[in-house]
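Enquirer: Heads up, the sequence shown is in the working numbering, so the first residue is 274 and it goes up one at a time.
Note that the Cβ used here is the ideal one computed from N, Cα and C, for glycine as well.
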Amino acid sequence: KARREEEEAKRRAEDDLKKKKALSSMGANYSSYLAKADQKRGKKQTAREMKKKVLAERRKPLNIDHLS
Numbered sequence: 274k275a276r277r278e279e280e281e282a283k284r285r286a287e288d289d290l291k292k293k294k295a296l297s298s299m300g301a302n303y304s305s306y307l308a309k310a311d312q313k314r315g316k317k318q319t320a321r322e323m324k325k326k327v328l329a330e331r332r333k334p335l336n337i338d339h340l341s
């Protein structure tokens, strides 16, 4: 019984380590994405970007009320 509890604690610690590692790497990627978005803000929009924005605004939000 003691050995089983010890194994569970060890497994839990490993899982926590994996989660922390994944979160930290995700955070690093996300911050670089935000920095890239900041750099983009200064430039004038191209025709393609303007069209993309207009079409995105026109798009209907996905209706998922009936799925649950």
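Beta-carbon within less than 7 Å of D289's beta-carbon, same chain only, minus the 5 sequence neighbours each way: which residues are those?
Expert: No residues qualify anywhere along the chain.
Enquirer: Since L340 is in the alpha helix (DSSP H), which residue starts that stretch and which ends it?
Expert: First-last for L340: undefined, no H or E at that position.
Enquirer: Quick check on the DSSP output: the alpha helix (DSSP H) that includes L335 runs from which residue to which?
Expert: Neither: L335 is in no alpha helix (DSSP H) and is coded neither H nor E.
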